[in-house]
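Residue numbers (full-length UniProt numbering): 1 to 291. Working notes for the structure below.
What follows is the structure, encoded as structure tokens:
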């Protein structure tokens, strides 16, 4: 486990996009990330692990503006951290939150957008905004939990999850795996090319028709390519605010393809539960508390 950089504070990973209030989280829990290797590389974006220990009666509610990714997890149940459960968390289109209490841990595989399609036998949209058992991947939940709890350190738990997913991939339909890899490639374009603002531009860059692209994203990513484009831009904007940068919301609205700033404010409030201005004030206060 990575040691805290100073008493009571755990180091944060370089990329904190989507974590609402990462500085406060660092005072509560450790968050470590591990690369995907072998055949999982490109389909699994990264493995992650969270571990916490809170005094009795103390709780920490952690909000997350999720990436357009499905997560496969093994770890403490929210209502009873001593109970270990495994699940598949579909893309969450609204702000999600998790209450941390007592002592617990969770390890997870955050799929690359579209990567889950290689592991599921059903369309990814079937698990969007849902949590389902790992039997949806052809895994035995109690067996996976048993193997994860048989080891007592974080890296080995990640290895257990990686081995389970590798086994699923080895049994998967090669054509479905190839299609999922194609979708992850297009999703990377959506994330990295700031000039892509509309689905038509993304489809042209990918060399595929708009309708075909929309169908592939529903099947393998669980959300539309338009939603993926907007979510990445919203993640970027929120992170710039969190880092203390001055953001022109009118310009962000144009980048996101909104008709005007008012539409962006409405969607921002829907996604994060507060207006951009209120979000900026809260993050600036967090930065002040850190210094």
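A virtual CB, placed ideally from N, CA and C, is assigned to each residue, including glycine. Only a predicted model underlies this, so the values are computations on that prediction, with no experimental measurement involved.
CA-to-CA distance, residue j to residue i, given in whole angstroms
{"i": "residue 100", "j": "residue 212", "result": "41 Å"}
{"i": "residue 159", "j": "residue 178", "result": "24 Å"}
{"i": "residue 41", "j": "residue 182", "result": "13 Å"}
{"i": "residue 148", "j": "residue 85", "result": "10 Å"}
{"i": "residue 126", "j": "residue 96", "result": "18 Å"}
{"i": "residue 143", "j": "residue 51", "result": "22 Å"}
{"i": "residue 49", "j": "residue 224", "result": "28 Å"}
{"i": "residue 61", "j": "residue 98", "result": "6 Å"}
{"i": "residue 28", "j": "residue 129", "result": "26 Å"}
{"i": "residue 277", "j": "residue 238", "result": "11 Å"}
{"i": "residue 3", "j": "residue 104", "result": "Confidence is the limiting factor: at residue 3 the pLDDT is only 37, short of 50, which leaves the residue's position unreliable, though a coordinate-based value still follows. Cα to Cα, the separation comes out at about 17 Å."}
{"i": "residue 109", "j": "residue 222", "result": "16 Å"}
{"i": "residue 15", "j": "residue 155", "result": "20 Å"}
As assigned by DSSP and simplified to three states, the class of residue i
{"i": "residue 224", "result": "coil"}
{"i": "residue 293", "result": "The requested residue 293 is not part of the displayed model; the chain covers only 1 to 291."}
{"i": "residue 207", "result": "coil"}
{"i": "residue 60", "result": "strand"}
{"i": "residue 72", "result": "strand"}
{"i": "residue 128", "result": "coil"}
{"i": "residue 184", "result": "helix"}
{"i": "residue 122", "result": "coil"}
For residue i, the nearest candidate out of the options (CA to CA)
{"i": "residue 113", "options": "227, 81, 269", "result": "227"}
{"i": "residue 11", "options": "18, 121, 31", "result": "31"}
{"i": "residue 185", "options": "23, 15, 43", "result": "43"}
{"i": "residue 131", "options": "254, 170, 280, 71", "result": "71"}
Local Cβ density within 10 Å of residue i, reported as buried at 16 or more and exposed below that
{"i": "residue 83", "result": "exposed"}
{"i": "residue 285", "result": "exposed"}
{"i": "residue 248", "result": "exposed"}
{"i": "residue 1", "result": "Any reading at residue 1 must be qualified, since the residue scores a pLDDT of 38, below 50, and its modelled position is unreliable; the value itself is stated next. Burial call: exposed."}
{"i": "residue 89", "result": "buried"}
{"i": "residue 174", "result": "exposed"}
{"i": "residue 187", "result": "buried"}
Contact belief for residue i with residue j at Cβ below 8 Å, rounded distance in angstroms
{"i": "residue 242", "j": "residue 283", "result": "4 Å"}
{"i": "residue 203", "j": "residue 209", "result": "6 Å"}
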